[in-house]
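Under this note's numbering, the first residue of the sequence shown is numbered -5, with each subsequent residue one higher.
Glycine is no exception: its CB is placed at the ideal position from the N, C-alpha and C atoms.
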Amino acid sequence: MIHTDYLVRATALDERVRAFALHATDVVGELQRRHDTYPGATAALGRTAMGALLLGAAGLKEPEHALSVEVRGGGPIGRVICTANGSGEVRGLVSNPHVHAPSIREGKLNVAGVVGTGGYLSVTKSLGLRDTYQGTVELQSGEIGDDLAFYLARSEQTPSAVGIGVFVMPDGRVEAAGGFLVQLLPGLEDEEIQEIEARIATLPHPTKLIREGVTPEGILDQIFGGEYTLGSSHPIRFHCPCSRERFEAAIVSLGQEEVNRIIEEEQEPRTEVVCHFCNEKYYFSPTEMQEILAAAR
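And the structure:
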């Protein structure tokens, strides 16, 4: 079993195909731990996080560039959103972490039953410019992987295959998480496309491969028969940029009147502020809040 999370890039067929594969068991396990997600929610959140990392690897050129994948399918989980940057860092959240899949299908968690199929998937890119890019498509399956592939084909005009999965143990622990993204670029012959599609169609589920110890490079081996050029490899990890300093700035933005109202209504020795992305807690006493406002004047 692999114990280090990382992502690899590769090309094939004279760079007319781009491919990315990752192992993300620890990343998804950290998301599960921080949000205390039930299995169905863990799978949905983990798949979305890996999708954000794969799209980031494909489309972000600088470490500080970032993108967010948001899924709203009308299911009991509510909103799922994950943000990844060009450094391979990701964070995420769900509206309702304590939801159960209504059924188990073929031994797999029914992610679509948790997510729903009546909504949309949206990708927002922040590339260091004044404006951000956003593309939105209707959900096709609620399984996340197929929906990401549909987004890439519809919004970015790049035919793609996305295979991502999360294996959750009965006790809620994440045993395996990983997957791949394959993008077909202009210039491919029909026979070449058909061969790639046939290999992907017969590929075992990503979590089965990872549980058997197959590396991201090994996943690409099975897709391309070893005939590809391996590019860069880099670690991926859960990371939230929240800090006490950021929440101090948020207190300043509230203004004196709102801070006074919070202090009066709570009547507690300290106010608890929670980051929704990582569940880290920060505490401010009334005196500290007033001092922060005074220092900003």
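- Query: Does the Cβ of S62 have 16 or more other Cβ atoms within 10 Å, making it buried, or fewer, making it exposed?
  - Reply: So S62 ends up on the buried side.
- What whole-angstrom Cβ distance do I36 and V168 have, given they're in contact under 8 Å? Looking at the sequence shown, residue 36 is not Ile but Thr. Yes, T36 and V168 are in contact; Cβ-Cβ is about 6 Å, under 8 Å.
- Message: In whole angstroms, give me the CA-to-CA distance for P33 and E239.
- Response: The C-alpha of E239 is placed about 34 Å away from the C-alpha of P33.
- Query: Buried or exposed: which applies to M163, given that a residue is buried once 16 or more other Cβ atoms fall within 10 Å of its Cβ?
  - Reply: Exposed, by the Cβ-count rule.
- Message: Pairs of beta-carbons, one from the region 121 to 140 and one from the region 13 to 24, closer than 8 Å: are there three or more?
- Response: Counting Cβ pairs under 8 Å, fewer than three are found: no touch.
- Message: Contact defined as beta carbons within less than 8 Å: I believe L179 pairs with R12. What is the distance between those atoms, to the nearest angstrom?
- Response: Correct: roughly 7 Å between the Cβ atoms.
- Item | Residue nearest to M351 in terms of C-alpha spacing, selected from R27, L224, G173 and A6 | What is shown of the chain runs -5 to 291, which leaves residue 351 out entirely.
- Message: Just to confirm, is the Cβ distance from S226 to R10 under 8 Å?
- Response: Contact flag unset, no.
- Query: Do you know how far the Cα of L248 is from the Cα of L103?
  - Reply: Cα to Cα, L103 sits roughly 42 Å from L248.
- Any contact of the region 83 to 91 with the region 228 to 243, i.e. 3+ C-beta pairs under 8 Å? Taking 8 Å as the limit for Cβ pairs, the verdict is that the region 228 to 243 does touch the region 83 to 91.
- Taking R28 and C272 to be in contact with their CB atoms under 8 Å, please state how far apart those CB atoms are, rounded to whole angstroms. Their Cβ separation, rounded to whole angstroms, is 6 Å, which keeps R28 and C272 in contact under 8 Å.
- Query: Are the beta-carbon atoms of H199 and G136 separated by less than 8 Å?
  - Reply: Their beta carbons are not under 8 Å apart, which means H199 does not touch G136 by this criterion.
- Task: Out of G110, T265 and G181, point me to the one whose CA is closest to Y277's CA.
- Result: The residue among G110, T265 and G181 with its C-alpha nearest the C-alpha of Y277 is T265.
- Message: Which residue marks the beginning of the beta strand (DSSP E) containing L115, and which one marks its end?
- Response: Boundaries of the beta strand (DSSP E) harbouring L115: Y114 to S120, taken from the DSSP string.
- Message: Using a 10 Å radius around the Cβ and a threshold of 16 neighbouring Cβ atoms, would you call Q26 buried or exposed?
- Response: Q26 is buried by the Cβ-count criterion.
- Task: On a CA-only basis, which of D215, E189 and C269 is nearest C236? Give me that one, please.
- Result: Of D215, E189 and C269, the residue nearest in Cα terms is C269.
- Query: By DSSP, does N90 sit in helix, in strand, or in coil?
  - Reply: N90: coil per DSSP, three-state reduction.
- Task: Mark E64 as exposed unless 16 or more other C-beta atoms lie within 10 angstroms of its C-beta, in which case mark it buried.
- Result: So E64 counts as buried.
- Only counting runs of 3 or more residues, tell me where the beta strand (DSSP E) segments fall wholly within the region 165 to 252, in order along the chain. Here the runs fully enclosed are 168 to 178 and 223 to 229.
- Message: Check for me: the beta strand (DSSP E) holding F271 runs from which residue to which?
- Response: Neither: F271 is in no beta strand (DSSP E) and is coded neither H nor E.
- Determine the extent of the alpha helix (DSSP H) in which E282 is found, giving its start and end residues. Per DSSP, E282 belongs to the alpha helix (DSSP H) from P280 to A290.
- State the start and end residues of the unbroken alpha helix (DSSP H) segment that holds G136. Counted as a single uninterrupted DSSP element, the stretch harbouring G136 is not any alpha helix (DSSP H), since DSSP gives it neither H nor E.
- Using the DSSP secondary-structure output, state which residues sit across from L61 in a beta bridge. Looking at the DSSP assignment, L61 forms a beta bridge with A78 and K119.
- Message: Relative to the C-alpha of P153, which candidate in T126, D165 and G181 has its C-alpha closest?
- Response: Checked all of T126, D165 and G181; the closest Cα to P153 is G181.
- Message: Once DSSP output is grouped into helix, strand and coil, what is the label at T265?
- Response: Here DSSP, grouped into helix, strand and coil, assigns T265 to strand.
- For G129, collect the residues of the same chain with a Cβ closer than 6 Å to its Cβ; drop the 5 residues on either side in sequence, then sort them by chain order. If you ignore the 5 residues before and after G129, its C-beta comes within less than 6 Å of the C-beta of V117 and S149, all in its own chain and listed in chain order.
- Can you name the residues that DSSP bridges to G50? Paired residue(s): none; G50 is not in a bridge.
- How do the region 241 to 261 and the region 204 to 212 stand: do at least 3 beta-carbon pairs fall below 8 Å, yes or no? Here the region 241 to 261 does not lie against the region 204 to 212, with fewer than 3 beta-carbon pairs under 8 Å apart.
- Message: Strictly by DSSP, which residues pair up with T130?
- Response: T130 pairs with S116.
- Message: Measuring straight from C-alpha to C-alpha, what distance separates G112 and L133?
- Response: The alpha-carbon atoms of G112 and L133 are separated by roughly 7 Å.
- Message: For a test of the three-state rule: what should DSSP assign to Y145, helix, strand or coil?
- Response: When secondary structure is reduced to three states using DSSP, Y145 falls in the helix class.
- Query: Among the residues of its own chain, which have a CB less than 7 Å from the CB of L7, if the five just before and after it don't count?
  - Reply: Leaving aside the five residues that flank L7 on each side, the residues in its chain whose CB is nearer than 7 Å to its CB run, in chain order, L182 and E186.
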